[in-house]
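Chains as they are written, first to last, in our numbering: chain A, 83 to 300; chain B, 83 to 300. Ideal placement from N, C-alpha and C gives every residue a C-beta, glycine not left out. Being a predicted model, the structure only gives us computed values, none of them experimental.
2 protein chains.
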Amino acid sequence: MDQTETAAKTIAKTDIREENERLILDSAEYVFAEHGFRGATMQMIADQAGLPKANLHYYFSAKETLYRRVVERIFTIWLGAAESFETSETPERALRTYIARKMEMSRTHRYGSKVWANEVMQGAPIIQDYLEVTLRDWTETRIEAIDRWIAAGRIDPINPRWLLYMIWATTQHYADFSHQIETLNDARPLSDAQWAEATETVSRIILRGIGLDPEASR
Amino acid sequence: MDQTETAAKTIAKTDIREENERLILDSAEYVFAEHGFRGATMQMIADQAGLPKANLHYYFSAKETLYRRVVERIFTIWLGAAESFETSETPERALRTYIARKMEMSRTHRYGSKVWANEVMQGAPIIQDYLEVTLRDWTETRIEAIDRWIAAGRIDPINPRWLLYMIWATTQHYADFSHQIETLNDARPLSDAQWAEATETVSRIILRGIGLDPEASR
DNA sequence: GTCTATAGATTGATAGAC
DNA sequence: GTCTATCAATCTATAGAC
Chain A
83 MDQTETAAKT IAKTDIREEN ERLILDSAEY VFAEHGFRGA TMQMIADQAG LPKANLHYYF
143 SAKETLYRRV VERIFTIWLG AAESFETSET PERALRTYIA RKMEMSRTHR YGSKVWANEV
203 MQGAPIIQDY LEVTLRDWTE TRIEAIDRWI AAGRIDPINP RWLLYMIWAT TQHYADFSHQ
263 IETLNDARPL SDAQWAEATE TVSRIILRGI GLDPEASR
Chain B
83 MDQTETAAKT IAKTDIREEN ERLILDSAEY VFAEHGFRGA TMQMIADQAG LPKANLHYYF
143 SAKETLYRRV VERIFTIWLG AAESFETSET PERALRTYIA RKMEMSRTHR YGSKVWANEV
203 MQGAPIIQDY LEVTLRDWTE TRIEAIDRWI AAGRIDPINP RWLLYMIWAT TQHYADFSHQ
263 IETLNDARPL SDAQWAEATE TVSRIILRGI GLDPEASR
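Structure representation (structure tokens):
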């Protein structure tokens, strides 16, 4: 076997690994979201991925390793949604963009959101370190930004912490409680128009609620 | 054995049954909240209750029966919190009372709220019938009440459905994500003052957000 | 890298003595 | 009504042929 052949095989193997890992992670995210950590079985994830159960243990050493990778992946996506706090010029635009992005993520990453909610509800046994360091720093930075708006008299004097929790809760509700929302919507998913209306209503109530003019940033 | 003796024994047995059932239900609520349905084991619940595992099966035929009773109990408490919609004279008072009650319930019924969230996130496999009938009727009634306020020009014209979801999401977040909130609060539970401030902030933002004066109803 | 077979541990539930 | 012992089913993880 010459060098070219060896290189080709190495690349091919890397591709197979990457592709299978992503397939397994996607399948695991779905199954963990629908059944919780212990409710999910390696067999279910294998079936979802269309692979024999033993292959999962070839790519991920243990069920918990696979789970941790799923949660880490979501958390990383979560954090990326908040650049608007730094890049926007007005509080109206910063908050509007952040809320719209988080609503969009509830629509596109429903299962990831559920896995995260599950993990936190159970006391974050696997990713407590992320809460204590990464999420904590992230939150403090945003609280400082909101406090500056308050000091400048641009929004009402409220505790920024409760405002952030309100945005997280309201937007993630559309992912975590999607089954309830769909049941109350005649067993149908929200339409494009309903998502748009819900997003606009959430933005509007929060902006007006802290003393901003919702019309100014539409 | 005469009649008096028989009656006494019957009463005693009824008391023991009721007391043990409540003890097991409380223990089960806690364990189901912390580990989910499948993550919870009958052994954990038995240990939490201080009873041998076999006694659980004496009082509840199966794990699923026990779980259903736990979820039903929470749902009933949930529904009771909304009389303010009928008994209050102004939208300010109705919403303020409802929000305050739901915040209080997040504080006092944290575990129940988590079990409910878990059940709904997994597609309500056990209590789907409650969603389709009881919750649906409850929701429609409240939507009609809010629509009347809109028609009378007392609040802004928003879709009442998204307002209700916002209130549910925000208030239940303080129970379901209590671990995250406490981690971001220097690993300490919220103090009385913090609970009061959070409740006031949530009420204030929502009331102002739909065009009401928060000061008018304090 | 894939897959079948199976080991080893845990679980929900029950039998049966007290 | 209480409790010990145990069964049958299920799960994670691995061994070993291909």
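Does the Cβ-Cβ distance between residue i and residue j come in under 7 Å?
i, j, result
"A:R183", "A:A163", "yes"
"A:A131", "A:L148", "no"
"B:T252", "A:A251", "yes"
"A:A128", "A:K135", "yes"
"B:G194", "B:I249", "no"
"A:E168", "A:A298", "no"
"A:T281", "B:N241", "no"
"A:E201", "A:V152", "no"
"A:S188", "A:A94", "no"
"A:I237", "A:G293", "yes"
"B:R120", "A:R120", "yes"
"B:G118", "A:G118", "yes"
Quick one: list the residues of chain A neighbouring residue i, beta-carbon separation under 8 Å, in chain order.
i, result
"B:Q262", "V202, A206, L213 and L217"
"B:E116", "Q204 and G205"
"B:T190", "Going along chain A, no residue has its Cβ under 8 Å from B:T190, so there is no contact; the nearest lies around 17 Å."
"B:V152", "Those within 8 Å of B:V152 in chain A number zero; the least Cβ separation is about 15 Å."
Between residue i and residue j, what straight-line distance do the alpha-carbon atoms span, to the nearest angstrom?
i, j, result
"B:E222", "B:R192", "26 Å"
"B:N102", "B:L133", "9 Å"
"A:Q125", "A:N137", "11 Å"
"A:R290", "A:L245", "13 Å"
"A:E264", "B:A176", "26 Å"
"B:S170", "B:W220", "17 Å"
"B:F114", "B:Y141", "17 Å"
"B:E87", "B:H139", "Low local confidence applies: a pLDDT of 49 at B:E87 is under 50, so the model's placement there is unreliable, with the coordinate-based value given in what follows. Answer to the nearest angstrom: the Cα atoms are 29 Å apart."
"A:D84", "A:R99", "Low local confidence applies: a pLDDT of 46 at A:D84 is under 50, so the model's placement there is unreliable, and no value is given."
"B:L107", "A:E116", "25 Å"
"B:A122", "B:A199", "15 Å"
"B:I288", "A:T96", "52 Å"
"A:P296", "A:S260", "26 Å"
"B:H190", "B:R286", "At residue 190 of chain B the sequence reads Thr, which differs from the His that was named. Approximately 22 Å, taken between the alpha carbons."
"A:W160", "B:Y180", "31 Å"
"A:A110", "B:P271", "33 Å"
"A:H255", "B:Q262", "16 Å"
"A:L266", "A:T158", "32 Å"
"A:D268", "B:Y247", "16 Å"
Tell me where the alpha helix (DSSP H) around residue i begins and ends.
i, result
"B:P173", "P173 to T190"
"A:T123", "Premise fails: A:T123 is in no alpha helix (DSSP H) and is neither H nor E."
"A:P134", "A:P134 -> no alpha helix (DSSP H), and no H or E assigned at all."
"A:P271", "Neither: A:P271 is in no alpha helix (DSSP H) and is coded neither H nor E."
"B:Q204", "That residue, B:Q204, is in no alpha helix (DSSP H); it is neither H nor E in DSSP."
"B:L161", "K145 to G162"
"A:S299", "Neither: A:S299 is in no alpha helix (DSSP H) and is coded neither H nor E."
"A:L245", "P242 to D258"
"A:D219", "R218 to A233"
"B:F142", "B:F142 -> no alpha helix (DSSP H), and no H or E assigned at all."
"B:E65", "Missing from the structure shown is residue 65 of chain B; chain B here goes from 83 to 300 and no further."
Quick one: which chain B residues come within Cβ less than 8 Å of residue i?
i, result
"A:E279", "N241 and W244"
"A:Y112", "Simply none; closest approach about 12 Å."
"A:L266", "L213, L217, R218, T221 and R243"
Chain B partners of residue i, CB-CB under 7 Å?
i, result
"A:Y180", "Chain B residues near A:Y180: none, gap ~15 Å exceeds 7 Å."
"A:R290", "R290 and G291"
"A:K303", "This structure cannot settle anything about residue 303 of chain A, because the visible part of chain A is limited to 83 through 300."
Using a Cβ cut-off of 9 Å, pull out every chain B residue sitting near residue i, in sequence order please.
i, result
"A:A234", "The contacting residues do not exist; A:A234 stays about 19 Å from chain B at best."
"A:D258", "A199, V202, M203, A251 and D258"
"A:H255", "Y247, M248, W250, A251, T252, Q254 and H255"
With a threshold of 6 Å (Cβ to nearest heavy atom), would residue i be considered close to the ligand COA?
i, result
"B:R270", "Summarising the ligand content, the structure contains no ligands, and the ligand COA is consequently not present."
Under 9 Å Cβ-Cβ, which residues of chain A neighbour residue i?
i, result
"B:G121", "G118, F119, R120, G121 and Q204"
"B:T147", "Near B:T147 there are no residues of chain A at all, since even the closest Cβ is about 18 Å away, more than 9 Å."
Would the segment 260 to 279 of chain B count as touching the segment 205 to 220 of chain B if we require 3 or more Cβ pairs under 8 Å? no
Report yes or no: do three or more beta-carbon pairs, one from the segment 212 to 228 of chain B and one from the segment 223 to 239 of chain A, lie closer than 8 Å? no
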